[in-house]
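Numbering (our numbering), first residue to last: 7 to 326.
Okay, so here's the structure we're looking at.
Right, here's the structure in full:
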């Protein structure tokens, strides 16, 4: 099995995105491979990292499509399990006028929710530099217990833990439950990637610095990365270093799917390249600039997993 730079656990699903209208006036939908953890891994693969995924798909045509997409992207699939009883999870993404998105999920249940403790390939979790997880694998059992077991294994093996709440309200039985599980995720991570709307919801603070301060006080997270869409991004260390970087606004933006995942992946790549330590302001600025650029490129493309930019593309973009 060897050693991995990043192993991620979570949802792998089909994102049906709008792609025009048929002759009869019906919306045409494109079946894109999706799921935040694999978007993160796909970007890391483009940057030369060795990655592995742990999750569950259905034994159906969409499951086959997803497995093929991961293999093509270079993500190790030895931790990918197949469920005979439950279909692959589907999400329908409606893009709003301002470029934001609404989701409808077909996941009651979906195969990704059926990942159990017995499905875990423990080697993949213990033999990596960073273990990455989100909250979607904590909405229901058995995947909630599987996620927590994986986090415990990573912790015991002194593996860095990266968490992205990635709040999708329709998938939770209650927002109270979401808060409880996201709180667990924050309590056990070294790196937190959180979006502006998530920090507002979780802390109740309109001022992001205030919100981050509240999180740092409660959870002692060494590195917090805040993505703010067209308002750029910020990074905070627990020693009080704070950096902000403006976004690269594109006139050719088509959709924002995967932008946050791309941003998060580039931050993890920085950690892999520069080693884990207490970063100073110059380092954080460098981390955010590269991550913002990559995220900006992804907004000009449909889908995410298959269209991540290469290191050369990002560097050329920055040089311009």
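Using N, Cα and C, we set each Cβ at its ideal position, and we do this for glycine too.
Between residue i and chain D, is any beta-carbon pair separated by less than 8 Å?
i, result
"residue 186", "Reference to chain D is not applicable here, since this structure consists of a single protein chain."
Can you tell me whether residue i is buried or exposed, with buried defined as 16 or more other CB within 10 angstroms of its CB?
i, result
"residue 62", "buried"
"residue 337", "Any question about residue 337 goes unanswered here, given that the chain covers just 7 to 326."
"residue 177", "buried"
"residue 9", "exposed"
"residue 257", "exposed"
"residue 27", "exposed"
"residue 298", "buried"
"residue 67", "exposed"
"residue 166", "buried"
"residue 288", "exposed"
"residue 125", "buried"
"residue 180", "exposed"
"residue 113", "buried"
Short check: CB of residue i to CB of residue j, under 8 Å?
i, j, result
"residue 46", "residue 271", "yes"
"residue 284", "residue 249", "no"
"residue 39", "residue 97", "no"
"residue 36", "residue 22", "yes"
"residue 134", "residue 13", "yes"
"residue 79", "residue 311", "yes"
"residue 11", "residue 278", "yes"
"residue 128", "residue 159", "yes"
"residue 295", "residue 326", "no"
"residue 85", "residue 130", "yes"
"residue 193", "residue 214", "no"
"residue 263", "residue 107", "yes"
"residue 24", "residue 101", "yes"
Please go through the same chain and pick out, in chain order, the residues whose beta-carbon is closer than 6 Å to the beta-carbon of residue i, but skip the five residues on each side of it.
i, result
"residue 116", "95"
"residue 301", "265, 268, 269"
"residue 316", "52"
"residue 144", "150, 153, 187"
"residue 49", "268, 271, 314"
"residue 163", "132"
"residue 3", "Given a span of 7 to 326 for the chain in the structure shown, any question on residue 3 remains unanswerable."
"residue 253", "236, 238, 298"
Per the DSSP calculation, residue i is bridged to which residue(s)?
i, result
"residue 27", "33"
"residue 58", "13, 82"
"residue 101", "107"
"residue 202", "DSSP output for residue 202 lists no bridge partner at all."
"residue 138", "14, 168"
"residue 231", "199, 241"
"residue 20", "39, 96"
"residue 64", "89"
"residue 212", "Answer by DSSP bridge pairing: none, since residue 212 is not bridged."
"residue 250", "240"
"residue 112", "96"
How about residue i: is its Cβ closer than 7 Å to a heavy atom in the ligand NAP?
i, result
"residue 165", "Within the structure as shown, the ligand NAP is missing, as the structure has no ligands at all."
Suppose the cutoff is 8 Å on Cβ atoms and the five residues either side in sequence are ignored; what does the same chain contact list for residue i look like?
i, result
"residue 140", "16, 17, 42, 43, 169, 170, 171, 172, 191"
"residue 228", "196, 197, 243, 244, 284"
"residue 89", "62, 63, 64, 65, 117, 120"
"residue 203", "173"
"residue 205", "211, 214, 217, 218, 221, 232"
Ordered along the chain, which non-local residues of its own chain (more than five positions away) have a Cβ less than 7 Å from that of residue i?
i, result
"residue 201", "233, 266"
"residue 209", "217, 220, 221"
"residue 275", "50, 53, 55"
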